[in-house]
Each structure stands twice: as C-alpha cells, then as structure tokens.
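Worksheet for the structure shown next.
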Amino acid sequence: DGIDNPALSLAEDTDGEPVGEPRFYLLSKGSTETFGFSLNEELGCQGHVIRQVELAGLAQRRGLQDGDRLLQVNGHFVDHMDHHRVVQKIKASGNQVLLAVLDGDSYEAAKASGRDLSQMLPADIRPRLCHITRDKSGFGFSVSAPEGMKGTFQLSVQQDGPAERAGVPPGSWLLELNGASVSNYSHTQLTKKLKQSGSKVTLLVASSAVEEFYRLHGLRATAALADTSWLPFKVRELHMVKGPAGYGFLLKEDDCSSGATGQFLWDVDAGLPADQAGMKEGDRLLAVNGESIEGLDHQQTVLRIRAHDDRVTLLVIDPAGDAFYHSVGFGEHWGAVGLADGVDALPQGLHSEVLSRGPGLPWNSKSLMLSLFYSFRWGCPLCFPLRTVTLPQAPIRPPFPLPVPPLDSLTLRWDQRDLAPGWWLLLTV
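So the working numbering is basically just the index in the sequence shown, starting at one, shifted up by 53.
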C-alpha cells in the first residue's frame, strides 16, 4: 500500500515517540475490508474522535490509536467541518485514504491554548494530475535528471506553454506518465515514452514541497490522492427528488472500459427528475449521497439509492471521462475524481447530526423520546433542528417514543426548507 514508514511525526523525541505533532497514515484496504476504526462525535469531547480501533486491523497495524483526533482527510483540513461531512469524505475515498491525526492529550492542549490546528499541518500535500495537449512548440516542458539515477525527474516549465496552462507547477517532480510510475525509468526510456505519447500526455507531478512531504513521511504519492481540478473531464452531481413516476432512469450493471464491472445509467425518461437533473444515457454511477459505491454489487447499489426515501444525490461521469480516468491509472479508485473534494453527502438544505455512543449519552435506556418544541435560544446539548428524522435510514415521524436501536449511533437528518426557523428537536433517553 505504499507505506515504508507508516507514521513519521513532524517532531519526535529520542525514543521515536510523537511529541504533540500530527501523524500521517496512508490506509489501503481491499474492497471487502474495512479501515478498522470508527469516527465518533461525542458529547463533552472536542473534535472527530478515533474509536473502536480493531485489534490487528488495518488502522491498528498502521498506528492509529483510540482517542486520536482526526485533523485532515486526503489533504483537506476537517477539524472545523460538520461530523457527517467528515465521515462522508472518508467513505468517498474508496479503498485508500490519507489521514492526519493528533493524539487526544495534544489536541485538548492545543484547543485550550487557542492554537490554530491547521497551522500544524502542511499547506498542500496533494500531487497533481495534469493532461497536456501538444502545440507547435511541443508539450511546454523539459526534463532534467541526475546522471546515473533512475526515476528522478524534475520539470522545467515553459511560461504560458501547454504544460503551464495544464497546471504543471514550475520545478515539479514527475511521478507518473500516462498512469505508469516512472520510478524505474532512465532518462532515455522516459524520452522514448514521451515521444510515443502522441499529441496528448497525462502527468502525475508533485511540487518540491509535496515531494519532500511524502519522502520524509515514507509515503508514496499516487493518482488516487491527486488534485484533479486541472483535468478536462469532470464528475457531475445530480440532485433528484422522486416524482409520482419515480426518478425516471434505469440502473444497469455492465463491463467498464477497464474490464471491471460498473453501474451505468440508462433509459433516462424525458421530463422526469433524472433528466431534469442532467443525467445522460451511459453515465457511470460513482457515488450515492457522497458515499462511494466501490465494491458494491448491483443489488447493493440499488438498495443504497432506495434507502434515502424520496430524494437522492448521485455522482456520475460520462463515458469519455470514465475511459480517460482508467487510461491514466485510476482503476476503480474514484476518490480523487471529486468524491473526496468537497462533494456534500446531502443536497443543499439537507443537514445531518450523528450522536455516537459515549460517556455523555446514556444509551442504556430501553427507549428514547423525540419531541418537537419551539425555542429562541441555543445551548441545549441534545437539541437539534428537526425537519426529517431517519433511524437509521427509513423516515420516522411522530408519534414517539421509539425503541433504541442496537446501533452505535443515531443519525438525525433534517431539511431546513420544510419547517419555519425556531423549531427544535428534543431527544430524551
């Protein structure tokens, strides 16, 4: 999974133990595995808390510890984000995710002193994917390499040339060419590969600062962690509310251009919600409500779409984009193509809170009471704005009480467009 030294902290004592600095972990799992930990939001406990680290699981083997606080997901600072968005960012990453964490004591001390946690982290740790189209002067970059060394190539970028317009940073280091690692290429081999690329080439590059980060932390930068904002093909979000005739599309399982199996959208009915949202025949489905469908079969994907009552957000890409991303080495990993880059788990106007089992919430009760009341003030730790409640996914409406489910968390979702401001939910256990 590309980890030589799974958690080298930015500062260490003489025994090699972290001293109040963030630790970085690159977790890579199989499609049927889990990352081996839970992420909780707990009453009386600040931050996004790492819990239930499975014995001998992936997270524990890499070094994650119970009580660690999550600061960063794939280079995005998340300490200030709503908990459900952070959870969705991890789920959207698919089978690989890069996490930055801080031990609980250091986190609490930093918060107490008013320290800006984002300043403890590198400003940018993401390599960049760039797709360059040759013009009459060439690709707009030249390559230099230390004599006798394989796989070390630095790029000089022509001002306002094709490479610069495609987003290649000056002085960056070349990591991959057309989806293949250059780590074993000689300068002669690389030159030959570039000539064979024709009029277009796709590079995975890292600025000097990003290259230094991965080298010092013993991590391998891959396309799955890349900034893809400069690429010509974009994923699309389709927000749909089910009508009387349904959403108006058919989901079919078929072979992808890579040979793997994927879920594709067909039979888009004119004038129905899918068509109105911008769905096109042959679009490939990547995620449902911000959660990657990587590893799911057809029936599991259908159930995930149906689980969200009368509205859903799908992340899709057209056939040309699908073929392009596979050609540059993404395989089935779609986290870097928009799933983890700020795509919300729920459409605008929808919100979610997750109450996790913890010392501040007495889940020993046999039932819980959910009730609506009107309030002009904030401050009740068990009050959340209510529009629609799901437990865990099916719609639930009054009357209450309800039996406590055998779950580790209760998810409350609401739509602020459905009720006047000032109404709140009181949860009593």
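Just so you know, even glycine gets a beta-carbon here, dropped at the ideal spot from N, CA and C.
Task: Buried or exposed by the 16-neighbour rule on C-beta atoms within 10 Å, applied to R181 - done: buried
TODO: Can you grab the Cα-Cα spacing for the pair L174 / T241, in whole Å?
DONE: 38 Å
- [ ] Just tell me which of N342, L111, L367, V294 has its CA closest to the CA of L318.
- [x] L367
TODO: State the start and end residues of the unbroken alpha helix (DSSP H) segment that holds I358.
DONE: 351-359
TODO: Please report how far the alpha carbon of V288 lies from the alpha carbon of S250, in whole angstroms.
DONE: 25 Å
Open item on the list: Looking at L152: is its Cβ nearer than 8 Å to the Cβ of L80?
Closed with: yes
TODO: Using alpha carbons as the reference points, say which of K305, Q207, H361 lies closest to L257.
DONE: Q207
Task: Where A4 sits in the DSSP three-state scheme - done: Since the displayed the chain opens at 54 and closes at 482, residue 4 lies outside it and no answer follows.
TODO: Give the C-beta separation of V294 and R359 to the nearest angstrom, bearing in mind that I take them to be a contact with Cβ-Cβ under 8 Å.
DONE: That belief does not hold up - the Cβ atoms of V294 and R359 are roughly 14 Å apart, past 8 Å.
Open item on the list: Using the Cβ count rule (16 or more neighbours within 10 Å means buried), how would you classify P75?
Closed with: buried
Open item on the list: Can you look up G73 in the DSSP assignment and give me helix, strand or coil?
Closed with: coil
Open item on the list: If you follow the alpha helix (DSSP H) that E217 is in, where does it begin and where does it stop?
Closed with: 215-218
Open item on the list: Please give me, in chain order, every unbroken run of the beta strand (DSSP E) with length at least 3 that falls completely inside the segment 296-320.
Closed with: 303-308, 314-319
TODO: Measure from the alpha carbon of R187 to the alpha carbon of each residue in P297, G83, T255, then state which is nearest.
DONE: T255
Task: Ordered list of beta strand (DSSP E) runs contained in the segment 139-225, each at least 3 residues - done: 149-155, 181-186, 194-197, 207-210
Task: Local Cβ density within 10 Å of R168, reported as buried at 16 or more and exposed below that - done: exposed
Task: Three-state class that DSSP yields for T281 in the structure shown - done: coil
Open item on the list: In this structure, how does DSSP classify K246 when only helix, strand and coil are distinguished?
Closed with: helix
Task: CB of C183 within 8 Å of CB of A233, strictly - done: no
Open item on the list: I need the straight-line Cα distance from A340 to A145, nearest angstrom please.
Closed with: 7 Å
Task: Opening and closing residue of the alpha helix (DSSP H) in which A274 lies - done: Neither: A274 is in no alpha helix (DSSP H) and is coded neither H nor E.
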